[in-house]
Amino acid sequence: DAALTPIGKPYVEVVATAKTDLQEGATLDGIGHYMTYGLCENAETRAKENLLPIGIAEGCVLKRSVPKDQVLTYDDVILPEGRLVDQLRKEQDLYFTMPISVTKEVSSLQA
511 DAALTPIGKP
521 YVEVVATAKT
531 DLQEGATLDG
541 IGHYMTYGLC
551 ENAETRAKEN
561 LLPIGIAEGC
571 VLKRSVPKDQ
581 VLTYDDVILP
591 EGRLVDQLRK
601 EQDLYFTMPI
611 SVTKEVSSLQ
621 A
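Adding 510 to a residue's 1-based position in the sequence shown gives its number in this note's numbering.
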């Protein structure tokens, strides 16, 4: 049984933003380190603009240089292969974008 159950889809997300000018080819460090900071963003905006959640940023390699204070997008980075966090994020995104009837079927399959 779940200890916490969400009331519904996410409404706010924290997106990765460049703390300094970031150079192409750099590997992003983790939360609280030197390369990124988080900004709150509307979840629908995050999805529409393909913004990179702060929890996904660590270990990503920049495809292009990103100026200080610019929000990073999935298009700016190469995701490391085989990470559990990416698989779980994809499942979360699918879960909250599927029609209710399909969402209930997925939940029953996981039980």
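The beta carbon of each residue, even a glycine, is placed where N, CA and C say it ideally should be.
Euclidean distance between Cα positions of residue i and residue j
{"i": "Q533", "j": "R574", "result": "7 Å"}
{"i": "V571", "j": "R593", "result": "14 Å"}
Bridge partners - residue i, DSSP secondary structure assignment
{"i": "C550", "result": "V524"}
{"i": "L538", "result": "Note: L538 sits in no beta bridge, so no partner."}
{"i": "V571", "result": "T537, I588"}
Cβ neighbour criterion (16 or more within 10 Å) applied to residue i
{"i": "E601", "result": "exposed"}
{"i": "L562", "result": "buried"}
{"i": "I588", "result": "exposed"}
Where residue i falls: helix, strand or coil (DSSP)
{"i": "T583", "result": "strand"}
{"i": "I517", "result": "coil"}
{"i": "T613", "result": "With a pLDDT of only 47 at T613, under 50, the local geometry of the prediction cannot be trusted, and no value is derived from it."}
{"i": "I588", "result": "strand"}
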